[in-house]
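**Student:** One structure is given below, represented as structure tokens, and several questions about it will come after.
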Amino acid sequence: MHPFTFNRASSTDQAVKWGAAPNVRFIAGGTTLTDLMKLGVEHPTQVVDINRLPLAEVERTPEGGLKVGALVRNSDLAWHLAVKQGYPVLSEALLAGASGQLRNMATTGGNLLQRTRCMYFRDNLSPCNKREPGTGCAAIGGANRTLAIFGTSEHCIATNPSDMNVALVALGAQVHIQGNHGSRVVPVGEFFLLPGSTPQVETVLQPGELITHVALPPPLEGAKSGYLKLRDRASYEFALASAAVVLQIDGGRVRQARVALGGVGTLPWRSPAAEQALVGAPASAATWRAAAEAAVRGAKAQSENGFKIELAKRCVAQQLATVAARV
Amino acid sequence: MAPSTSVTVIGQGLPRIDGPKKVSGLAQYTSDHHFPGLLYAVPVTSTVAKGRITALDPRAALAMPGVVEVFHQGNFAGKLFRKQASKGKVDENRPPLSDNTVSYYGQYVALVIARTFEQATEAARAVKVEYASEPPNVSMRLAAEEKTSVDTERGDVDQAFTSAPVKIDQVYTTPVQTHNPIELHASVAVWNGEQFTLFETSQAVMNHQMVMAQMLGVQPQQVRIITEYLGSGFGGKLWPWTHATLAAAAARELGAPIKLVVDRAMMFQTVGHRTNTQQRIRLGATADGKLNCVSHDYLFHNARLDTYKENCGEATGFLYSTPNLRAAWSFARRDIAPPTSMRGPGAVPGLYALESGMNELAVALKMDPLQLRLANQPERDESLDLPFSSRHLTECLHTGAERFGWARRDPRPGSMRNEAGAVVGWGMAACSWMAKALPAKATVQLAANGRARVMCGTQDIGTGTYTVVAQMVAALTGLPLARIDVVIGDSSLPPGPMSGGSMATGSLVPAVQAATQAAIDEALQAAIEHDPRFAGKAPGALAFDQMQVSIKGEQGKAVLLQDILQAAHMDHVSGEGEGAGSAEAQKHYSQHSYGAHFVEVVWQPEIARLRVDRVVTVIDAGKVINPQTGRNQIEGAIMMGVGMALFEETEYDPRTGAPLNANLADYIVTTHADAPEVDITFLDYPDMTLNPLGARGIGEIGLAGIAAAITDAVRHATGVQVRDLPVRIEDLLDAPVGLAS
Amino acid sequence: MAKQKLQFSPDNPPLLPLSRRSVLQALGISSTAAVLGSGLAQAAGSAAAAPGDAAEPGAQILNMTVNGEPHSLKIDPRTTLLDALRERLQLTGTKKGCDHGQCGACTVQVNGRRVNSCLSLALMHEGDAISTIEGLGTPEQLHPMQAAFVEHDAYQCGYCTSGQIMSAVALANEPYGTSDSDIKEAMSGNICRCGAYSHILKAIKQARG
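Protein chains in written order, with the UniProt record's numbering: chain A, 1 to 327; chain H, 1 to 741; chain F, 1 to 209.
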């Protein structure tokens, strides 16, 4: 690691003040940042420890939703009663991620900012527009089996690796951000940016801005939800394809639906097309298949990851069926 | 007279004697050692796979805080030497930093020494190296580039194959696999001006000493290798690698203890791998399933500068009876680091191919694969024309089939369901691994404090050597294991065997037994000389049990050896023993272990998910000294086999030659959640041609054949025959047993 | 270029080449005992000397409790909790297997929760209570989980074992289910390359009662 100074912020105001200086990184769980600093991909000159900030609570909002502090650990959020009851898709997504130890460390805010697992990004050497803009993309035509089929550009095909983000997108969460000049709220669907020609810019977060909370809207009345993750081995691995599904079924018909895919997009990939195919349709295997077909429409395969299109389709169809069958 | 515990201690699943230290964090592994003034060494690795270093600038690194030295070719060449061909073994012969030629990605090009690990790591990044590089060839598609050699041949394979009524002709490939013991390779080197004390991650301390002495240019007695605990090796830690020589030479240059821990990425670059293989199997049979020919042609890759043989034909010559057989090989050189032995070298990829071929032949014959194997069992080794020392493969097959419930198998793909209604597939394969013993020496002391101490220059790599050696001593002395100290992992001890080839246990039996007996004889002699109660007796008239001497027939009046030694002012009596190894026996017998695997996979086509659910394995490995540690070995091999079949592949970037997935998130191995239910049986027939206990090794055989059994089960579940490992989701998406079924 | 000679300065005190006598002392080798495998290792482990502060510019103070004992260290901010435990405090029971959160060998408990110490900067643990395998039990007085690991041969090489045990003990505080598949999933962050998984499962089930 490059040398850096380490400071502990005792208030959010102090953190964002420090964060405004050049080349500063906030550290919470450390599971992404420490990893990337060891690889040389990240090399801040100052690290600001935000673990002492009062952002580790899960609170009910007056509207009946949840306000999750950015420092709530993934395991705590997954096991939280209000999350298990009101947002099973989030609980399941969190528990599908990483390992028990990592979930005890990783935070809600940090998970939103998890970086891609693209091997070329991480090797700190290959051409990579995300790591070093303008150098090219070694993954296009290279080892891209695990990389994205949605939202790619000719500059970057790196996958967003998070499970939590997929659930947050399906749930329509809001990201609360504080900067040196005030606070703002960004819908999670607008928080992540397509790589386009600037894959180094992954979110709307400006330098020095700090995620303070994630707000979940009240659970849809009578809705059921769930998360399915497909991967090579049974655990402790990133998704090849995953699906977060929220279904509100009434009288045998789908009233409302939210579908998001993970492991396949440059960002957590919500599928309005799949949702459209679901809403108003009978709760049936044919509907799940049609929605799954719709979900993968427009997918673009790279040299090694074409199988993900079929895999994602099966993932969506299966998870729709599973969630619909839940009582 | 039989010592009291001898009847029970051999063959008992006793807990490991080193267990309490292992579970309390007190077992000291190589990188746990620390000394005053210790400096940290971090290598700088090449970022090209083929070429030349044109410039190396260490100035920025040297200017960094805590940095003590940067070694590179310009200031280090000549500090290390090559070893003689016949004296010891390494897989990479060229000393590190001895020239400016780069022959693989990750080759050490410099070594940074600093006061802390953090300082050395960052300084290593700051060493500027320029290369004149050429495009590397790391292609995994192989063609014979060297002359073809024949392992074994009989009859006329080509003619027999042409005329065979039923035949298969298929190519099977296995990718590069990387050992990845969880313990990183490491060296902690201390030089005191006269002698090296080298704490190493070694599966063979004696070989390590011999090699290091030559490469450091000192006498063997100036080098002491210590590996008290090893975080496993799977073959990757058999022979010294370049980091070890670097650390030792740096310690001498700087006059300070040096710690060098190879990082996980380097574990894919500089400490060996299992070479890829490309194997063509041609099998011919009569319509009723008698094999009339077996042809096994195989290729693998090699590094540019060193030559290794992956002996895929090891078991081909004797596993089945057939009049016509040939196993032949060649290799192709690549710009890749030297490969090395990995658990069951040769036989593991070799039997994946041969047993897959047998399974495909069974399909072609419309015959049960179990019956095909049973129908082709040889009476003797038809390759060597020797009798088998002890072969019970038929019983392995029968026992395994019974425990598994194989008789209920419906051969139609996708036809079977488990209790939960999911599609299951069943597959099986046979396996074999060589049974050999190496020459070994050991010393046993029986001490006045009532304890025994056994000393041997071998090591415990996790297989249970500490415990089985104690059991060997217990068997003859009657002592409980708690009173036996096993001292191994030190090259200054009597030369013992390497922990490789499943040979350690079998090699140790005769040496430890002889040493124990010699010590007992000394004890009796001491009794006769120093205790009036035994004066004038012939040694043969005395008995020894539980550290007590008695006159035969008067065991009630036994005298503690402790008292005898104390009266004689002796601290201990000591005996030396030696085992000759199996070279002589192998002139007369074909010595091998055997086994059979039966596997159930579960296939969920709706989400393309395949998992290994259940494995039944039966092993014929001679007398098993400790069934608990023994079962653990077989089970661990099965876990690695699940990885071999479904997960493990080291991928190389064709542009740079770099191992791309050089970490444990991208090179995936079996986790707890992937672990199938396992049922293991040992047949336990002693092989008395190998050693007096009839014990053969068990470290490797479990990994042989298992991948073929899994791919057979995959075919049975999905209808897809995968021949290129590992089986991946994308291989199965279009499976005939798919969504419709 | 020519070999760089050691530069001696206040920031870089001379490294005295160890005399034969001092090395032998460090190694715990007496001239009469030619072979002392375990004694030697113990002596080596206790011969700890922390690097001087001067060698670590930018070092910052860290106060934390390890196995109930308070420690105050001046530490390079780059030091991970794992390296602080191993290289500074010589608590080497915690192992480095991958250094990237991909194997679990470095698992320790921070305030009772299991974490990967390799991905945690030591300075993040100001005021924290760290528990390592050394604090759990001794060979003479094993924690029930340690004893169960011995009884069920829940290891082979032993290198991942500290992490497996620290993880298994921490499971008691996590709301995982008690079925085999629940435990296997909960333990999947601890890779055992030797593959002693079913033995580990048995040990955990026994210790949890």
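Glycine is no exception: its CB is placed at the ideal position from the N, C-alpha and C atoms. On a predicted model such as this, the values are computed, not experimentally measured, just so you know.
(1) Given that a residue counts as buried once 16 or more other Cβ atoms are within 10 Å of its Cβ, and exposed if not, what is A/Thr-266?
(2) Examine the ligand NAD and report whether any of its heavy atoms sits within less than 7 Å of the Cβ of A/Lys-308.
(3) Could you say which of H/Val-423, H/Arg-483 and H/Trp-426 lies nearest to H/Leu-446 if we only look at CA atoms?
(4) Between A/Asp-163 and chain H, is there a C-beta pair that is closer than 8 Å?
(5) H/Phe-71 lies in the beta strand (DSSP E); which residues open and close that run?
(6) Based on the DSSP output, what are the partners of A/Arg-52 in its beta bridges?
(7) Leaving out five residues before and five after H/Trp-239 in sequence, what residues of the same chain have Cβ atoms less than 6 Å from its Cβ?
(8) Using the Cβ count rule (16 or more neighbours within 10 Å means buried), how would you classify F/Lys-3?
(9) Is the CB of H/Thr-5 under 8 Å away from at least one CB in chain F?
(10) Please give the ranges of any beta strand (DSSP E) in the region 540 to 605 of chain H, keeping only runs that are unbroken, at least 3 residues long and fully inside the region.
(11) Output, in chain order, the set of chain H residues within a Cβ distance shorter than 9 Å of A/Leu-311.
(12) Counting pairs of Cβ atoms below 8 Å between the region 469 to 484 of chain H and the region 511 to 519 of chain H, do you hit three or more?
(13) Against residue 214 of chain F, what residues of chain A qualify as contacts under a CB-to-CB distance less than 7 Å, listed in chain order?
(14) Using a cut-off of 9 Å between C-beta atoms, extract the partners of F/Val-150 located in chain H.
(15) May I ask you to list the residues that DSSP assigns as paired with H/Asp-169?
(16) Strictly under 8 Å for the Cβ-Cβ distance: is A/Thr-45 near chain F by that measure?
(17) Which residue from F/Met-187, F/Ser-198, F/Thr-178 and F/Leu-73 puts its Cα closest to that of F/Gly-209?
(18) So what's A/Tyr-120 in DSSP terms, helix, strand or just coil?
(19) Can you confirm whether A/Asp-232, when its beta carbon is compared against all beta carbons of chain H, has any partner nearer than 8 Å?
(20) Could you work out which residues of chain F lie near A/Asp-49, taking near to mean beta carbons separated by less than 9 Å?
(21) Going along the chain, which unbroken runs of the beta strand (DSSP E) with 3 or more residues stay wholly within the region 392 to 433 of chain H?
(22) Against chain H, which members of the region 27 to 40 of chain A pass a CB distance test of less than 7 Å?
(23) Quick check: the region 121 to 133 of chain A against the region 212 to 230 of chain A, are at least 3 beta-carbon pairs closer than 8 Å?
(24) For A/Thr-240, which residues in chain H fall below 9 Å Cβ to Cβ?
(25) Could you spell out where the beta strand (DSSP E) holding F/His-71 opens and where it closes?
(26) Name the residue from A/Val-259, A/Gly-251, A/Gln-14 and A/Glu-237 whose alpha carbon lies nearest to the alpha carbon of A/Ala-244.
(27) So, does the CB of A/Leu-102 fall closer than 8 Å to a CB anywhere in chain F?
(28) Using only alpha-carbon positions, find the residue among H/Pro-135, H/Thr-286 and H/Ile-461 that is nearest to H/Glu-200.
(29) How far does the alpha helix (DSSP H) with H/Glu-651 in it extend, from its first residue to its last?
(30) Below 7 Å on C-beta distance, what does F/Ser-198 contact in chain H?
(31) Could you give the first and the last residue of the continuous beta strand (DSSP E) run that contains A/Ala-241?
(32) Can you give me the C-alpha to C-alpha distance between A/Lys-84 and A/Ala-78, rounded to a whole angstrom?
(33) Quick one: which residues of the region 137 to 169 of chain F get their C-beta closer than 7 Å to a C-beta of chain H? List them in chain order.
(34) Quick one: residues in its chain with C-beta nearer than 6 Å to the C-beta of F/Ala-129, no 5 flanking neighbours on either side, listed in chain order?
(35) Is there a Cβ of chain F sitting closer than 8 Å to that of A/Met-105, yes or no?
(36) Can you pull the DSSP bridge partners for H/Tyr-131?
**Tutor:** Per the coordinate set shown:
(1) Within the first sequence, numbered from 1, the residue matching residue 266 of chain A stands at position 266. A/Thr-266 is buried by the Cβ-count criterion.
(2) The ligand NAD is absent from the structure shown, which contains no ligands of any kind.
(3) Indexing the second sequence from 1 puts residue 446 of chain H at position 446. Among H/Val-423, H/Arg-483 and H/Trp-426, the Cα nearest to that of H/Leu-446 belongs to H/Arg-483.
(4) Translated into positions along the first sequence, residue 163 of chain A becomes position 163. It does not; no Cβ of chain H falls within 8 Å.
(5) Counting from one through the second sequence, the residue named residue 71 of chain H turns up at place 71. Note, H/Phe-71: beta strand (DSSP E), 67 to 72.
(6) Counting from 1 along the first sequence, the entry for residue 52 of chain A is found at position 52. The partner list for A/Arg-52 (beta bridge, DSSP) is empty, contrary to what the question assumes.
(7) For the purposes of this step, residue 239 of chain H is taken as the residue at position 239 of the second sequence. Around H/Trp-239: Lys-89, Val-90 and Asp-91.
(8) Along the third sequence, one-based indexing puts residue 3 of chain F at 3. Because the pLDDT of F/Lys-3 is 34, which lies under 50, any placement of that residue in the model is unreliable, and the number read from its coordinates should be weighed accordingly. Exposed, by the Cβ-count rule.
(9) Start at 1 with the first residue of the second sequence, and residue 5 of chain H comes out as number 5. Note that H/Thr-5 scores a pLDDT of 44, beneath 50, so its modelled location is shaky; the value from the coordinates is reported in the next line. Chain F, which has no Cβ nearer than 8 Å to the Cβ of H/Thr-5, makes this no.
(10) 542 to 545, 548 to 551, 572 to 579 and 592 to 604
(11) Locating residue 311 of chain A in the first sequence gives position 311, counting from the first residue. The answer, in chain order, is Ile-607, Ala-608, Ile-729, Glu-730 and Leu-733.
(12) The region 469 to 484 of chain H makes contact with the region 511 to 519 of chain H: 3 or more CB pairs, one atom from each, lie closer than 8 Å.
(13) Outside the displayed span of chain F (1 to 209) sits residue 214 of chain F, for which this structure offers no information.
(14) Working through the third sequence from its first residue, we reach residue 150 of chain F at position 150. Those are Pro-15, Arg-16, Gly-19, Pro-20, Lys-22 and Val-23, listed as they occur along chain H.
(15) By 1-based counting over the second sequence, the position of residue 169 of chain H is 169. DSSP, once it has assigned bridges, lists H/Arg-282 as partnering H/Asp-169.
(16) Here residue 45 of chain A corresponds to residue number 45 of the first sequence, with the count starting at 1. Taking Cβ atoms only, chain F never reaches closer than 8 Å to A/Thr-45, which makes this a no.
(17) Residue mapping note: residue 209 of chain F aligns to position 209 of the third sequence, counting from 1. Nearest C-alpha to F/Gly-209: F/Thr-178.
(18) Counted from its first residue, the first sequence places residue 120 of chain A at position 120. Note: A/Tyr-120 maps to helix in three-state DSSP.
(19) Here the question's residue 232 of chain A lines up with position 232 in the first sequence. Taking Cβ atoms only, chain H reaches closer than 8 Å to A/Asp-232, which makes this a yes.
(20) Residue 49 of chain A sits at position 49 when you count from the first residue of the first sequence. Within chain F, the residues near A/Asp-49 are Leu-121, Leu-123, Met-124 and Glu-126.
(21) Unbroken beta strand (DSSP E) runs of no fewer than 3 residues, entirely contained in the region 392 to 433 of chain H, are not found.
(22) Gly-40
(23) no
(24) As a position in the first sequence, residue 240 of chain A is number 240, starting the count at 1. For the record, residue 240 of chain A in the displayed sequence is Leu; it is not Thr. One finds Ile-729 in chain H with Cβ atoms closer than 9 Å to the Cβ of A/Leu-240, taken in chain order.
(25) The residue labelled residue 71 of chain F in the question sits at position 71 within the third sequence. 69 to 75 is the extent of the beta strand (DSSP E) around F/His-71.
(26) As a first step, residue 244 of chain A is located in the first sequence; it is residue number 244 there, counting from the start. Of A/Val-259, A/Gly-251, A/Gln-14 and A/Glu-237, the residue nearest in Cα terms is A/Val-259.
(27) In the first sequence, residue 102 of chain A corresponds to position 102, counting from 1. For A/Leu-102, the answer is yes, since a Cβ of chain F falls inside 8 Å of its Cβ.
(28) On the second sequence, position 200 is the one that residue 200 of chain H refers to. Out of H/Pro-135, H/Thr-286 and H/Ile-461, H/Ile-461 has the C-alpha closest to the C-alpha of H/Glu-200.
(29) Counting from 1 along the second sequence, the entry for residue 651 of chain H is found at position 651. Element bounds for H/Glu-651: n/a, residue is neither H nor E.
(30) Counted from its first residue, the third sequence places residue 198 of chain F at position 198. Simply Glu-635, Ala-675 and Val-678.
(31) As a working note, residue 241 of chain A is residue 241 in the first sequence. Start and end: 241 to 250.
(32) As a working note, residue 84 of chain A is residue 84 in the first sequence. As a working note, residue 78 of chain A is residue 78 in the first sequence. Taking the straight line from one Cα to the other gives about 7 Å.
(33) Gly-137, Thr-138, Pro-139, Leu-142, Gln-146, Phe-149, Val-150, Glu-151, Asp-153, Tyr-155, Gln-156, Cys-157, Gly-158, Tyr-159, Cys-160, Thr-161, Ser-162 and Ile-165
(34) Along the third sequence, one-based indexing puts residue 129 of chain F at 129. Thr-65 and Asn-111.
(35) Stepping through the first sequence from its first residue, residue 105 of chain A is reached at position 105. It does: the Cβ of A/Met-105 has a partner Cβ on chain F nearer than 8 Å.
(36) Translated into the one-based positions of the second sequence, residue 131 of chain H becomes position 131. According to DSSP, H/Tyr-131 bridges with H/Ile-53.
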